[in-house]
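Step one of this worksheet: look at the structure below.
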Amino acid sequence: MTDDILRMRGITKTFPGVKALQDVNLSVRRGEIHAICGENGAGKSTLMKVLSGVYPHGSYDGEIIFDGEPCRFSGIRDSEHRGIVIIHQELALSPQLSIAENIFLGNERATRGLIDWNRTNHEAGLLLERVGLHENPVTTISDIGVGKQQLVEIAKALSKKVRLLILDEPTAALNDEDSAHLLDLLRGLRDEGITCVIISHKLNEVIAIADSITILRDGRTIETMSMEADHVTEDRIISGMVGRDLENRFPPHEPKIGSEALRVEDWTVYSPTQRGRKVVDGAGLTLRRGEIVGLAGLMGAGRTELAMSIFGRSYGTDISGRIYRDGKLVEIRTVRDAIKHGIAYATEDRKRYGLNLIDDIKRNVSAADLARLASRGWINENEEFRVAEEFRGSMNIKAPSVSSITGKLSGGNQQKVVLSKWIFTDADVLILDEPTRGIDVGAKYEIYSIINRLADQGKAILVISSELPELLGLCDRIYTLSEGRITGEVAREDATQESLMHYMMKGQEQIR
Amino acid sequence: MSSISPTSAGVAPGGKDAGPALPPGRTKLFGASLNIRQSGIYIAFALIVVLFAFLTDGALLEPQNISNIIVQNSYILILAIGMILIIIAGHIDLSVGSVVAVTGAIAAVLMVNYGVPWPLALLITLVAGGLIGAWQGFWIAYFGIPAFIVTLAGLLLFRALTLTVLGNQGIGPFPDQVRTLANGFTDGYLGNIGLGPLGGADLFSLLVGLIAIAGMAASQWRTRTARQRYRQSVDPLPLFLLKIIAAAVVVLAVVVQLARFKNLPWVLVLLAALVLGYSMLTNRAVFGRRIYAIGGNLQAAVLSGVKVKSVVFWLFVNMGVLSALAGIIFAGRLNQAGPTAGGSFELDAIAAAFIGGAAVQGGVGKVVGAITGGLIMGVINNGMSLIGAPSERVLLVKGVVLLAAVAFDVWTKRRAGSAQ
Chain A
1 MTDDILRMRG
11 ITKTFPGVKA
21 LQDVNLSVRR
31 GEIHAICGEN
41 GAGKSTLMKV
51 LSGVYPHGSY
61 DGEIIFDGEP
71 CRFSGIRDSE
81 HRGIVIIHQE
91 LALSPQLSIA
101 ENIFLGNERA
111 TRGLIDWNRT
121 NHEAGLLLER
131 VGLHENPVTT
141 ISDIGVGKQQ
151 LVEIAKALSK
161 KVRLLILDEP
171 TAALNDEDSA
181 HLLDLLRGLR
191 DEGITCVIIS
201 HKLNEVIAIA
211 DSITILRDGR
221 TIETMSMEAD
231 HVTEDRIISG
241 MVGRDLENRF
251 PPHEPKIGSE
261 ALRVEDWTVY
271 SPTQRGRKVV
281 DGAGLTLRRG
291 EIVGLAGLMG
301 AGRTELAMSI
311 FGRSYGTDIS
321 GRIYRDGKLV
331 EIRTVRDAIK
341 HGIAYATEDR
351 KRYGLNLIDD
361 IKRNVSAADL
371 ARLASRGWIN
381 ENEEFRVAEE
391 FRGSMNIKAP
401 SVSSITGKLS
411 GGNQQKVVLS
421 KWIFTDADVL
431 ILDEPTRGID
441 VGAKYEIYSI
451 INRLADQGKA
461 ILVISSELPE
471 LLGLCDRIYT
481 LSEGRITGEV
491 AREDATQESL
501 MHYMMKGQEQ
511 IR
Chain B
1 MSSISPTSAG
11 VAPGGKDAGP
21 ALPPGRTKLF
31 GASLNIRQSG
41 IYIAFALIVV
51 LFAFLTDGAL
61 LEPQNISNII
71 VQNSYILILA
81 IGMILIIIAG
91 HIDLSVGSVV
101 AVTGAIAAVL
111 MVNYGVPWPL
121 ALLITLVAGG
131 LIGAWQGFWI
141 AYFGIPAFIV
151 TLAGLLLFRA
161 LTLTVLGNQG
171 IGPFPDQVRT
181 LANGFTDGYL
191 GNIGLGPLGG
201 ADLFSLLVGL
211 IAIAGMAASQ
221 WRTRTARQRY
231 RQSVDPLPLF
241 LLKIIAAAVV
251 VLAVVVQLAR
261 FKNLPWVLVL
271 LAALVLGYSM
281 LTNRAVFGRR
291 IYAIGGNLQA
301 AVLSGVKVKS
311 VVFWLFVNMG
321 VLSALAGIIF
331 AGRLNQAGPT
341 AGGSFELDAI
351 AAAFIGGAAV
361 QGGVGKVVGA
371 ITGGLIMGVI
381 NNGMSLIGAP
391 SERVLLVKGV
401 VLLAAVAFDV
411 WTKRRAGSAQ
């Protein structure tokens, strides 16, 4: 028998309306590096949250056996107590505190309630040596780069006597050099007997470092392979990740493609938080009337950033490039400019960026184009009511009236309110960012029908989605984005999940 | 197993009986609790008035006392109007007390020391208030410093400026016209009329009251018919009439009492105009809607093309102008601009807004609510002094009322959230 440090059996986790995990099994051998791969939304992060107690025992079905003992974690402290430490994609460091303070945050080196600073900094120094970070422990976190911050996270994990280290996309924000160093460090930790679970989209790294791999798809375990024994290649992983049939989930649609509506050229955007980091790099795309165009890319590829920067520069700094509307060069500096030029952007995060959740449907629908309902600054509320009622009917928004508070609607109905709001602006170009995220299957079909209808009305539509089947089922043409660059443009007939995934993952190497 | 199923079967009929009865009861309860959240403040106000009318043997509702409550609280109510707008947008203004002082001082120096004609002096003072608001609005909206900090600095800055302008002493007296605006009453243009057992009352005041009631009723009726044309749901006619009549009775009662005393206070006329205007602004104007959008979800407002910075800037300009108005009225009432004028007015205005139903996170609130909140504190102040309560007890009660009002708001919100 193999010596498994961790066995998760029959894990099922449901959110309202969505089955995120279904009967997932995961076995990790002691002292190995185990990779978990899968598309966005395949359930990797959810599985890790179940393991680390973020979702406490009782909120999921199935069992977790760690080191031969069944575990019932009620919180992250419980799992850390057993030596399971997770390092999230977004680093959880306090930027204004020192390295040493961060390492021992919540776990302070203290005697009788007073922090022993000598001990804190001394022990922090030893941990930094172990992870190969040559910095003074009193250095402030914000003064070191992301790569080094990642090492601080690992040092923090080591301080908790970690036995199973979980890394969620550890190299996503790192450059090649830092990535290589991190991978070396993980190999070193393995030799010290620490087991690692690594979630990564970078398949070359997975091939290079992992001993075995588990592939998830649609919330299920597809397969677990030993890298050496099974001669795993990148292509083999990709086919495991996407191998699924397109079901009859999309309404049929015959596109009637017209003239060019939007063209973006040489679009470059820098990150507003990390100086000098290009988030979008010389991207270009063209949208035509009546056409539904997809934008595919992995998490962090810059999809939302590209869209928002086009939409009145609502993301990013030092933006350069040209936008043509109906063939004419236009200058779009603010969201108002964008709306005026007939561009709409429906956000991927409707609760944070899309809706005023404490206000009602009609006031949300009218929010982006109030001027249409007003004369000399005074709103015609009866007209507003009528317009909103029309949308409630045509979009099939399920609510007792347009005076219902949007915060109380289901995800699908909230999304319909967001779409109504942008349709009301009479935009010709609609950028829809993850239009079906967190929506149940029935409502998804309705949203697809709405999108088709909009295209038939002659609108140009860009759909951003993490779900490749959705793009393949809905779009007439698909762009792929990787690390801020457009790496491919594929017509629907030629597109397969495999080909898109190749562009999304290997794009960079193919370009060079 | 078999022993359990009969019991549960035996329970089932009773449960079934309760079943159909419960949902209507629950929805009714839910509907009522929703109503309480919106109208709780007015019910609370009515209860407090009744309570103090009782405790003071009716002295609270005597003609002169009603007039006093209005005049004594007018400047706080004016400030509360500006404050509620700022709080709806998710900001705060701690400087209004000092702005009241400095604008009162400016008005006094202009009129008393330099002999500037009073209409011009009033205009200059209002513009000065606007400039002060623009100064703070710039740092908040365009420079991005939290309003709490900017206006805390303003609280110190404008108090310092007051002392400088006044040379650390009171300046007065004010021209009669300014004193009349702050403290005076409309003339008995049409003479008196006998009201039977109530004695003589000013006919002009009564007529103004009746016209106001007629106007209110007509406008409500127009709104109702317009909504019906658009096939929106409206209150059933009896309820609609009941609401109008109730409001008319309250207005009429106040007006009659005022007419029996000294006619209408000018500040009441001013306040009525402000409340009407700002209620229209918040309910019906694009600008007003923007304020709610910003406070409700700032990010969504930005992505809907709302010029957030400009809206916030103008809100503070507006607050400055209203503070100047309050400053003139306060100084005119005392007939002197003093170095300590307006102390802790900001706290009263903020308390009025929150008692009146504003949400701490912004996005919620009504002008009429803030006015009611201000009147609740005014009635508590007045009523407790009538029964001879010491000032420490007045403060205690006001503190408890503020805490209770916000606790109630948080509680109803949480319940609404958990019901979902």
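Protein chains in written order, with the UniProt record's numbering: chain A, 1 to 512; chain B, 1 to 420. Idealized CB from N, CA, C, for every residue including glycine.
Cβ shell of residue i (< 8 Å), same chain only, five flanking positions each side left out
{"i": "residue 393 of chain B", "result": "384"}
{"i": "residue 20 of chain A", "result": "13, 14, 43, 46, 219"}
{"i": "residue 29 of chain B", "result": "With a pLDDT of 39 at residue 29 of chain B, under the threshold of 50, the modelled position of this residue cannot be trusted; read the value that follows with caution. Excluding sequence neighbours, residue 29 of chain B sits near nothing in its chain."}
{"i": "residue 356 of chain A", "result": "363, 364, 367, 406"}
{"i": "residue 153 of chain A", "result": "87, 91, 92, 93"}
Residue i, buried or exposed, once every other Cβ within 10 Å from all chains shown has been counted against 16
{"i": "residue 146 of chain B", "result": "exposed"}
{"i": "residue 64 of chain A", "result": "buried"}
{"i": "residue 328 of chain A", "result": "exposed"}
{"i": "residue 249 of chain B", "result": "exposed"}
{"i": "residue 165 of chain A", "result": "buried"}
{"i": "residue 189 of chain B", "result": "exposed"}
{"i": "residue 259 of chain A", "result": "exposed"}
{"i": "residue 457 of chain A", "result": "exposed"}
{"i": "residue 122 of chain A", "result": "exposed"}
{"i": "residue 271 of chain B", "result": "buried"}
{"i": "residue 205 of chain B", "result": "buried"}
Opposing strand residues paired with residue i [DSSP bridges]
{"i": "residue 400 of chain A", "result": "Per DSSP, none; premise fails for residue 400 of chain A."}
{"i": "residue 360 of chain A", "result": "A/405"}
{"i": "residue 192 of chain B", "result": "B/202"}
{"i": "residue 231 of chain A", "result": "Per DSSP, none; premise fails for residue 231 of chain A."}
{"i": "residue 429 of chain A", "result": "A/343, A/460"}
{"i": "residue 168 of chain A", "result": "A/199"}
{"i": "residue 265 of chain B", "result": "B/185"}
{"i": "residue 142 of chain A", "result": "According to DSSP, residue 142 of chain A bridges with nothing at all."}
{"i": "residue 486 of chain A", "result": "A/481"}
{"i": "residue 286 of chain A", "result": "A/263"}
Sequence-distant residues of the same chain with beta carbon closer than 6 Å to residue i, five excluded per side
{"i": "residue 447 of chain A", "result": "435, 436"}
{"i": "residue 382 of chain B", "result": "69"}
{"i": "residue 178 of chain B", "result": "118, 332"}
{"i": "residue 159 of chain B", "result": "98"}
{"i": "residue 323 of chain B", "result": "96, 99, 100, 129"}
{"i": "residue 490 of chain A", "result": "478"}
{"i": "residue 27 of chain A", "result": "4, 7"}
Local conformation of residue i per DSSP, three classes
{"i": "residue 212 of chain A", "result": "strand"}
{"i": "residue 66 of chain A", "result": "strand"}
{"i": "residue 278 of chain A", "result": "strand"}
{"i": "residue 336 of chain B", "result": "coil"}
{"i": "residue 19 of chain B", "result": "Any answer about residue 19 of chain B is weak, because its pLDDT of 34 lies below 50 and its placement is not dependable; what the coordinates show is given next. Helix at residue 19 of chain B."}
{"i": "residue 381 of chain B", "result": "helix"}
{"i": "residue 187 of chain B", "result": "coil"}
{"i": "residue 381 of chain A", "result": "helix"}
{"i": "residue 303 of chain A", "result": "helix"}
{"i": "residue 5 of chain A", "result": "strand"}
{"i": "residue 519 of chain A", "result": "Because chain A is modelled from 1 through 512, residue 519 of chain A falls outside the range shown and cannot be assessed."}
{"i": "residue 504 of chain A", "result": "helix"}
Neighbour list for residue i in chain A, Cβ cutoff strictly below 7 Å
{"i": "residue 304 of chain B", "result": "367, 368"}
{"i": "residue 226 of chain B", "result": "382"}
Partner residues on chain A for residue i, Cβ-Cβ distance less than 9 Å
{"i": "residue 318 of chain B", "result": "By Cβ distance, chain A contributes nothing, its closest Cβ being about 15 Å from residue 318 of chain B, past 9 Å."}
Chain B contact residues for residue i, given Cβ-Cβ distances below 8 Å
{"i": "residue 345 of chain A", "result": "303"}
Beta-carbon contacts of residue i that lie in its chain and below 7 Å, excluding the five residues immediately before and after
{"i": "residue 52 of chain B", "result": "60, 379, 383"}
{"i": "residue 191 of chain B", "result": "203"}
{"i": "residue 76 of chain B", "result": "345, 348, 349, 352, 374"}
Listed by chain order, chain A residues near residue i by CB distance under 8 Å
{"i": "residue 287 of chain B", "result": "377"}
{"i": "residue 40 of chain B", "result": "Neighbours of residue 40 of chain B on chain A: none; closest Cβ ~17 Å, over 8 Å."}
{"i": "residue 232 of chain B", "result": "382, 385"}
{"i": "residue 292 of chain B", "result": "356, 359, 363"}
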